[in-house]
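Just below is one structure, and these are the notes that go with it.
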Amino acid sequence: MMDVQEKGMITKEENIVEMRDLGDEEFSISVSSKADALFDAVIGNIEAIIMEDDFLNLQRSFMEKYYLEFDDTEENKLIYTPIFNEYIELLEKYLEQQLIERIPGFNMNDFTRSLQQHKEDVSGDVFDILLTFTDFMAFKEMFLDYRA
């Protein structure tokens with residue numbers, strides 16, 4: 001039997017699922033690219049990091065410091081901007097540093113580009129945390145939830 005690469009069906013950067021009909025049973029063969037495997041490894045590490053005490057304590061202490069500044073109104077206070085920037089600087093940098101230590105050659109810019117292509121593959125908790133680094137309204141909602 002010829003493998004999938006020998007048939008010329010995949011290249012290094014493709015993810016192909018070939019369905020084979022073998023009588024009454026169907027089998028699928030999934031071939032992932034190195035980029036997909038790296039993306040999965042990064043997401044797995046992010047899942048681990050955001051559940052660790054160091055990250056949770058860092059996030060909790062930051063929110064404890066500022067949560068009283070946030071009100072559930074449509075108007076946003078000027079103070080929110082420097083708080084948002086400090087949050088990004090503190091927690092995103094912490095996350096990036098942890099990923100650099102755990103994954104040789106990790107690059108946040110490359111991961112961010114890859115994330116755009118795999119948005120639907122990211123679990124809720126990871127997606128929610130990553131969203132708080134880029135979406136101010138998600139950040140504000142996190143504080144409002146904490147305050148409630």
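Residue numbers (full-length UniProt numbering): 1 to 148.
No residue lacks a Cβ here, since even glycine has one placed at the ideal position from N, Cα and C.
On a predicted model such as this, the values are computed, not experimentally measured, just so you know.
Residue i vs residue j beta-carbon contact at 8 Å
| i | j | result |
| --- | --- | --- |
| residue 94 | residue 58 | yes |
| residue 98 | residue 49 | yes |
| residue 113 | residue 45 | no |
| residue 140 | residue 80 | yes |
| residue 52 | residue 126 | no |
beta-carbon residue i near the ligand HEM non-hydrogen atom, thresh 7 Å
| i | result |
| --- | --- |
| residue 43 | Here there are no bound small molecules, and the ligand HEM is not part of this structure. |
Option in the options with minimal Cα separation from residue i
| i | options | result |
| --- | --- | --- |
| residue 142 | 77, 62 and 121 | 62 |
| residue 207 | 147, 148, 115 and 123 | The structure shown does not extend to residue 207, since the chain is modelled only from 1 to 148, so the question has no answer here. |
| residue 37 | 118, 137 and 67 | 118 |
| residue 39 | 145, 139, 65 and 122 | 122 |
| residue 111 | 140, 86 and 96 | 96 |
| residue 54 | 145, 144, 147 and 90 | 90 |
| residue 146 | 33, 67, 75 and 132 | 67 |
| residue 100 | 41, 34, 35 and 33 | 41 |
Residue i - containing alpha helix (DSSP H), residue span
| i | result |
| --- | --- |
| residue 38 | 34-51 |
| residue 127 | 124-134 |
| residue 77 | Counting along the chain, residue 77 falls outside any alpha helix (DSSP H), and DSSP gives it neither H nor E. |
| residue 101 | 93-102 |
| residue 109 | 108-117 |
Neighbour flag for residue i against chain B, beta carbons, 8 Å
| i | result |
| --- | --- |
| residue 111 | No chain B appears in the structure shown, which is made up of a single protein chain. |
Query raised in the report: Touching or not, the region 64-71 and the region 106-118, by the rule of three or more beta carbon pairs under 8 Å?
Result: no
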